[in-house]
Structures are given as structure tokens and as C-alpha cells.
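This is how it looks when you write it as C-alpha cells:
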């Protein structure tokens, strides 16, 4: 296997990891809209893991930020008295 093929394979793997992270973020948005903040947070954390593996620092920081936001929403939801 040549160095070019290794580099191409690495780029393909990184692209796959970013796509996987993007998919999980999209799924997290759906759960957040459905008021499932804990699940959304877990999905953002999973996405952050994929972005980290891919070396996508900008997307990694955004996913971590979103996970923290979902955690705050979940805490606020838990603090509200049940009707």
C-alpha cells in the first residue's frame, strides 16, 4: 500500500467520523425539540467523541457547548414542579 493510499484512507476515515458526528448532532436536535434534553446531551457527547477522533476541533467545541446547554435545560426541567 502506498503513502497516497494511506493518506486517502485516513481522509476518508476522518470524513466518515465527521459525518457520524453530524448525524448524531442532527438526532440530538430532534430530541431537544421533543423536550428530551438528557438524551440530546448524550448524543452531543457521542458526537464530540467522533469529532475528536476526526480531528475536527471546531465541531468538537460546538458539540461540547451544545451538550452543556442541553444539560442546563435538563436541570431546569427537573427543577420545575410536575403538574
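Numbering (this note's numbering), first residue to last: -5 to 77. All residues carry an ideal CB built from backbone N, CA and C; glycine is no exception.
Nearest to residue i by CA position, among the options, is which residue?
i: residue 60; options: 48, 7, 73 and 16; result: 16
i: residue 6; options: 21, 20, 33 and 48; result: 48
i: residue 55; options: 75, 19 and 74; result: 19
With DSSP as the reference, label residue i as helix, strand or coil.
i: residue 29; result: coil
i: residue 49; result: coil
i: residue 74; result: coil
My understanding is that residue i touches residue j, with C-beta atoms under 8 Å, so please give their C-beta distance in whole angstroms.
i: residue 38; j: residue 8; result: That belief does not hold up - the Cβ atoms of residue 38 and residue 8 are roughly 20 Å apart, past 8 Å.
i: residue 71; j: residue 10; result: Rounded, the Cβ-Cβ distance is 34 Å, inconsistent with contact.
Nearest-angstrom Cα distance between residue i and residue j?
i: residue 52; j: residue 4; result: 19 Å
i: residue 35; j: residue 68; result: 9 Å
i: residue 40; j: residue 50; result: 14 Å
i: residue 21; j: residue 33; result: 10 Å
Are the region 13 to 27 and the region 38 to 47 touching by the rule of at least three beta carbon pairs closer than 8 Å?
-> yes
Determine contact between the region 25 to 39 and the region 58 to 72, defined as no fewer than three beta-carbon pairs at a distance below 8 Å.
-> yes
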